[in-house]
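Asker: Provided herewith is a single structure, encoded as structure tokens, for subsequent inquiry.
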Amino acid sequence: MGNRLQDKVAFISGGGSGIGAATALRFAEEGAEVFICGRREEPLAAVVEAIRAHGGKAGYVVADVSDEAAFSGAIREAARRGGRLDILVNNAMAYSWGSIADTDTEAWRSNFSTTVDGTFWGTRTALQIFSAQGSGGAIVNLASICGLFGTAWMAGYSAAKAAVINFTRATASEGAAAGIRANVVIPGVVETPATAGMLSDDKTRAGTEKLIPMRRVGTPEELANAILFLASDEASYITGACLSVDGGRAADLITALE
């Protein structure tokens, strides 16, 4: 175990699987007391058990990030149990799939209730806690390569993730004088439960990897390391930044057109 987050208290939404779970484990390895939330208790409990089995400190709160009162209450409960809050990672997301012409209003809005509203509610709550503590803090929001480029059949998700990027910049601007940093990590294709369908067979996987300059998809652990850096004091002079962790996908026009 390291000490890059020693004595810090962190809260991670969507912490039961994928990037959120990997981040919780990585934070705990570096000395943080970690609290995670999600809608299902079983995966949350499994992550917390894994952290504790390795000598780390962790807890969970069952909460739906698209429920304002429940999500804000979960963060406040974590701060109460941990004695403070130093780091917030807004990782939870939701998406719908389909053409714009066939997307109804309910499906459109479903992309925003967790991804955008949840990020706003979580950030607002963290800022209030940081202010009450008289301390700074670090917020890391998860966007997506879909928030950088228009993505067919995922217009709502693309719009929501683009909103997260600019919301984070506004947060960074507001919080900087108080020592509060806000940054964005932008994943490309990462092997998680959410991407299992698009990586389900060799042909589909090969087609996906062909679009990535590094010719492979990312791992949750690789994203967790980027989030750890931005959450740590090593990034003390970084705020409002967007860090792409995508194997070069957003950098290479030619590969993207092959």
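At position 62 of the sequence shown (counting the first as 1) the number is 62 in full-length UniProt numbering, and the numbers step up by one without a gap. All residues carry an ideal CB built from backbone N, CA and C; glycine is no exception. All figures in this text were calculated on a predicted structure; none of them were measured in a lab.
Can you give the Cα-Cα distance for G240 and P43, rounded to whole angstroms?
Answerer: The sequence position of residue 240 within the sequence shown is 240, counting from 1. The sequence position of residue 43 within the sequence shown is 43, counting from 1. The straight-line gap from Cα to Cα measures roughly 32 Å.
Asker: Within the continuous alpha helix (DSSP H) that includes G122, where are the two ends?
Answerer: In the sequence shown, residue 122 corresponds to position 122, counting from 1. Taken as a continuous stretch (DSSP letters only), the alpha helix (DSSP H) holding G122 covers 119 to 133.
Asker: Do you know how far the Cα of A24 is from the Cα of P220?
Answerer: Working through the sequence shown from its first residue, we reach residue 220 at position 220. Working through the sequence shown from its first residue, we reach residue 24 at position 24. Distance between the alpha carbons of P220 and A24: 11 Å.
Asker: Output the boundary residues of the alpha helix (DSSP H) element that contains E174.
Answerer: The sequence position of residue 174 within the sequence shown is 174, counting from 1. Per DSSP, E174 belongs to the alpha helix (DSSP H) from 155 to 175.
Asker: List in chain order: all unbroken alpha helix (DSSP H) runs of 4+ residues lying wholly within the segment 26 to 78.
Answerer: Whole alpha helix (DSSP H) segments, 4+ residues: 41 to 53.
Asker: Is it buried or exposed, W121, if we count other Cβ atoms within 10 angstroms and call 16 or more buried?
Answerer: The residue labelled residue 121 in the question sits at position 121 within the sequence shown. So W121 ends up on the buried side.
Asker: Rounded to a whole number of angstroms, what is the C-alpha to C-alpha distance between G175 and A152?
Answerer: Your numbering for residue 175 matches position 175 in the sequence shown. Your numbering for residue 152 matches position 152 in the sequence shown. Their Cα atoms are separated by approximately 35 Å.
Asker: Ends of the beta strand (DSSP E) at R181?
Answerer: Locating residue 181 in the sequence shown gives position 181, counting from the first residue. R181 -> beta strand (DSSP E) spans 180 to 187.
Asker: Who are the near neighbours of A58 in its chain, counting only those whose CB is closer than 8 Å to its CB and skipping five residues on each side?
Answerer: As a position in the sequence shown, residue 58 is number 58, starting the count at 1. If we look at A58 and ignore the five residues flanking it on each side, its Cβ neighbours are A24, A28, E33, V34, F35, I36, V47, V48, I51, R52.
Asker: Report all residues from its chain with a CB closer than 6 Å to the CB of G56; omit the five preceding and five following residues, and keep chain order.
Answerer: On the sequence shown, residue 56 is found 56 positions in, with the first residue counted as 1. Within the same chain, G56 has close Cβ partners A28.
Asker: The alpha helix (DSSP H) that contains F112, what's its start and end?
Answerer: Within the sequence shown, residue 112 is the residue found at index 112, counting from 1. Residues 105 to 112.
Asker: Compare the Cα-Cα distances from V184 to each of A69, L230, A107 and report the closest residue.
Answerer: The residue you call residue 184 lines up with position 184 of the sequence shown. The residue with the shortest Cα to Cα distance from V184 is L230.
Asker: Is it true that the CB of E77 sits closer than 8 Å to the CB of V89?
Answerer: Start at 1 with the first residue of the sequence shown, and residue 89 comes out as number 89. Start at 1 with the first residue of the sequence shown, and residue 77 comes out as number 77. No, the pair does not count as a contact, with Cβ atoms beyond the cut-off.
Asker: May I have the straight-line CA-CA distance separating I186 from A132, to the nearest angstrom?
Answerer: Against the sequence shown, residue 186 aligns to sequence position 186. Against the sequence shown, residue 132 aligns to sequence position 132. Near 30 Å, if we compare the C-alpha coordinates of A132 and I186.
Asker: For R40, which residues of its own chain have a beta-carbon under 7 Å away from its beta-carbon, when the five flanking residues on both sides are left out?
Answerer: For this step, residue 40 is matched to residue 40 along the sequence shown. Taken in chain order, the residues that qualify are G16.
Asker: To the nearest angstrom, how far is the alpha carbon of G31 from that of N3?
Answerer: Mapped onto the sequence shown, residue 31 falls at position 31. Mapped onto the sequence shown, residue 3 falls at position 3. Taking the straight line from one Cα to the other gives about 5 Å.
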